[in-house]
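Colleague:
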Amino acid sequence: MLVGAFACAHTPQLLVRPPTEDRELVLRVHAALARVKARITALQPDVIAMVAGDHVEAFFLDAVPALAVYAGSECEGTFGSYRYRFPIHEPLARAVVEQGIERGFDLTYTQRARLDYAFYVPLHFTMPSPPVPILPLHVNVYLPPQPLPGRCYEWGVALGDILGARPERVVLMASGGLSHYPGTDRYASPDFEWDRRLLEQLESGRGRELTALTGEELDKAGNVELRTWITVCGAVGAVRAQVYCYEPSWHHGNAVVEWPL
Amino acid sequence: MSGETHYRFPPAAAYQLNRCLYSIKSDAEYCARFLADPAAAMDEVGLPSDERVGLVPIDRDALVSRGAHPYLVFMADLRLRMIREPGTMEHF
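For the protein sequence lines, the chains are A and B, in the order given.
According to the working numbering, numbering within the first sequence proceeds without interruption in unit steps and concludes at 261.
According to the working numbering, numbering within the second sequence proceeds without interruption in unit steps and concludes at 1092.
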């Protein structure tokens, strides 16, 4: 069953802060993530299923899946001196692959791939103690052509149905966003107004409207990663989001939200 | 997607260049080898000698204009700085 749904920023500057980043802002985002950790702890999940956009880490140009499920026994990722290793909830991973395929989603699965920081940065701050297994769910966000926002929503609807029918207590978490343009001329000019309109939509339970967005619109708004949030919107339907924080830095709209189920 | 987007379809001709940037970003041992001997590290990924401009130091515009993915340029540069300037970072 689906017991909780969240979306978290994952910018690596939350983990390793260069002097360019406002320390107080970083700590406020940490505080919002601590609230998520407390909520997840209270929800007593058996597994955290994370929908994250791969930053060309698990999948390079040798193969670029639109949607992928990590169905190995464990996964590992490193970032500088940080080392992460998480067990995978194998029965749930297999069920999601099999039932996703049966529902018409031509999923890729992998049993060995590097874990992207989009997964372990939020988990660094939100994993309950003792830790629970995870289920990484990849969405291609950075290598065009990416899956359409509407398709991500449909995948989320299917995911919600699959997870909802399972015996495990599942927390579903989107990782990503909001507006930022890493590596481009617009890096220092995120579209904060676009983000604020988006958060108003989510607070009023209108996540389904995001299916009308095009890939070009997401790119223009610095929100290619919103595909992960849209996927979770499909799983939670018309539930109204609760915004834990929106902290715009000089290059990034840091948002943390919960959809209370 | 149109040519106006921030992130574009990576041209196949830039595969080795993107492989080099990806390896700096994602492979700590390669990153160390790149810092020690950039030319040898570029040999490893089969980057032709006439396509090496803009990697030392990282010149984003030069690399992106040749098909490098902007995100890979960004993170490769960050990883190199994390090694060169470790004392400036606060770890949580």
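We put the beta carbon where it would ideally sit given N, CA and C, even for glycine.
#1: Can you check which of these residues, B:1061, B:1067, B:1086 and B:1091, is closest to residue 185 of chain A by C-alpha distance?
#2: In the DSSP assignment, what residue or residues form a beta bridge with residue 1049 of chain B?
#3: What are the partner residues of residue 69 of chain A, as DSSP defines its beta bridges?
#4: Does the count of Cβ pairs from the region 1070-1089 of chain B and the region 1045-1058 of chain B closer than 8 angstroms reach three?
#5: Counting C-beta neighbours from all protein chains within 10 Å, is the total for residue 17 of chain A 16 or more, i.e. buried, or is it exposed?
#6: Closer than 8 angstroms is the cut-off here; do at least three beta carbon pairs connect the region 81-97 of chain A with the region 2-11 of chain A?
#7: Could you give the DSSP three-state label for residue 91 of chain A: helix, strand or coil?
#8: For residue 188 of chain A, write down the residues that DSSP places opposite it in a beta bridge.
#9: Can you name the residues that DSSP bridges to residue 255 of chain A?
#10: Compute the Euclidean distance between the alpha carbons of residue 279 of chain A and residue 140 of chain A, then round it to the nearest angstrom.
#11: What residues from chain B crowd round residue 148 of chain A, counting only those whose CB sits closer than 7 angstroms?
#12: Between A:132, A:129 and A:113, which lies nearest to residue 138 of chain A when the distance is taken from Cα to Cα?
#13: Would you say residue 104 of chain A faces chain B, with C-beta separation under 9 angstroms as the test?
#14: Do you know whose CA, among A:243, A:249 and A:51, lies nearest residue 116 of chain A's CA?
#15: Short check: CB of residue 260 of chain A to CB of residue 239 of chain A, under 9 angstroms?
#16: Could you work out which residue in A:89, A:104, A:227 and A:130 is closest to residue 38 of chain A when comparing CA atoms only?
#17: What is the C-beta distance between residue 190 of chain A and residue 122 of chain A, in whole angstroms, given that I count them as a contact (C-beta under 8 angstroms)?
#18: Where does residue 48 of chain A sit, in a helix, a strand or coil, going by DSSP?
#19: What residue does the alpha helix (DSSP H) around residue 1023 of chain B start on, and which one ends it?
#20: Under DSSP, the beta strand (DSSP E) around residue 1073 of chain B begins and ends at which residues?
#21: Quick one: which chain A residues come within Cβ less than 8 angstroms of residue 1060 of chain B?
#22: Under 8 angstroms between beta-carbons, which chain B residues line up against residue 16 of chain A? List them in chain order, please.
#23: Taking residue 118 of chain A and residue 172 of chain A to be in contact with their CB atoms under 8 angstroms, please state how far apart those CB atoms are, rounded to whole angstroms.
#24: Among residues of its own chain, excluding the 5 on either side of residue 22 of chain A, which ones have a beta-carbon nearer than 7 angstroms to its beta-carbon?
#25: Take residue 1034 of chain B and list the residues in its own chain whose beta-carbon comes closer than 6 angstroms to its own, dropping the five residues that flank it on each side.
#26: Residue 1064 of chain B lies in the beta strand (DSSP E); which residues open and close that run?
#27: Distance, Cα to Cα, residue 1032 of chain B vs residue 1080 of chain B?
#28: Using a Cβ cut-off of 9 angstroms (strictly closer), state whether residue 1006 of chain B contacts chain A.
#29: Using three-state DSSP, classify residue 1091 of chain B as helix, strand or coil.
#30: Anything in chain B within Cβ reach of residue 61 of chain A, meaning under 7 angstroms, just list it in chain order.
#31: Helix or strand or just coil, what does DSSP make of residue 127 of chain A?
#32: Do residue 156 of chain A and residue 225 of chain A count as a contact pair if the criterion is CB distance below 9 angstroms?
#33: In chain order, what are the residue ranges of uninterrupted alpha helix (DSSP H) at least 4 long that sit wholly in the region 179-241 of chain A?
#34: For residue 142 of chain A, collect the residues of the same chain with a Cβ closer than 7 angstroms to its Cβ; drop the 5 residues on either side in sequence, then sort them by chain order.
#35: Cutting at 7 angstroms between CB atoms, please list the residues of its own chain near residue 1019 of chain B, excluding the five before and the five after it.
#36: So what does DSSP say about residue 1055 of chain B, is it helix, strand or coil?
Modeller: Looking at the coordinates:
#1: Nearest C-alpha to residue 185 of chain A among B:1061, B:1067, B:1086 and B:1091: B:1061.
#2: Checking the DSSP bridge columns, you'll see residue 1049 of chain B has no partner listed.
#3: DSSP lists A:109 and A:137 as partners of residue 69 of chain A.
#4: Proximity of the region 1070-1089 of chain B to the region 1045-1058 of chain B meets the contact definition, three or more beta-carbon pairs being nearer than 8 angstroms.
#5: The C-beta of residue 17 of chain A has 16 or more other C-beta atoms within 10 Å across all chains shown, which makes the residue buried.
#6: Too few Cβ pairs lie closer than 8 angstroms, so no.
#7: It is helical.
#8: Its beta-bridge partners do not exist; DSSP assigns none.
#9: In DSSP, residue 255 of chain A forms a bridge with A:246.
#10: Given that chain A is displayed from residue 1 to residue 261, the structure contains no residue 279 of chain A and the question cannot be resolved.
#11: Correct list: empty, because the minimum Cβ distance to chain B is about 11 angstroms.
#12: When each option's Cα is compared against that of residue 138 of chain A, the closest is A:113.
#13: No, its Cβ sits nowhere closer than 9 angstroms to a Cβ of chain B.
#14: That would be A:51, whose Cα lies nearest to the Cα of residue 116 of chain A.
#15: Yes, the pair counts as a contact, with Cβ atoms nearer than the cut-off.
#16: Ranking A:89, A:104, A:227 and A:130 by Cα distance to residue 38 of chain A puts A:130 first.
#17: Not confirmed; about 19 angstroms, so no contact.
#18: Reduced to three states, the DSSP call for residue 48 of chain A is strand.
#19: 1015-1026 is the span of the alpha helix (DSSP H), which, as asked, contains residue 1023 of chain B.
#20: According to the DSSP assignment, residue 1073 of chain B belongs to no beta strand (DSSP E) but to the alpha helix (DSSP H) extending over 1070-1084.
#21: In chain order: 183.
#22: The answer, in chain order, is 1082, 1089, 1090, 1091 and 1092.
#23: About 15 angstroms; that fails the 8 angstroms criterion.
#24: Once the five neighbours on either side are set aside, the close Cβ partners of residue 22 of chain A are 249.
#25: Result list for residue 1034 of chain B: 1024 and 1041, in chain order.
#26: Per DSSP, residue 1064 of chain B is not a residue of any beta strand (DSSP E); the alpha helix (DSSP H) it occupies stretches across 1060-1065.
#27: Pairing residue 1032 of chain B with residue 1080 of chain B, the inter-Cα distance amounts to about 9 angstroms.
#28: Yes, contact with chain A.
#29: Of the three classes helix, strand and coil, the one that applies to residue 1091 of chain B here is strand, per DSSP.
#30: Those are 1010, 1015 and 1018, listed as they occur along chain B.
#31: Coil, per DSSP.
#32: Between residue 225 of chain A and residue 156 of chain A, the C-beta spacing is not below 9 angstroms.
#33: Within the region 179-241 of chain A, the complete alpha helix (DSSP H) segments at least 4 residues long are 192-203, 215-220 and 226-236, listed from N- to C-terminus.
#34: Only 53, 55, 56 and 224 meet the Cβ criterion.
#35: Excluding sequence neighbours, residue 1019 of chain B sits near 1045.
#36: The answer is coil: DSSP assigns residue 1055 of chain B none of H, G, I, E or B.
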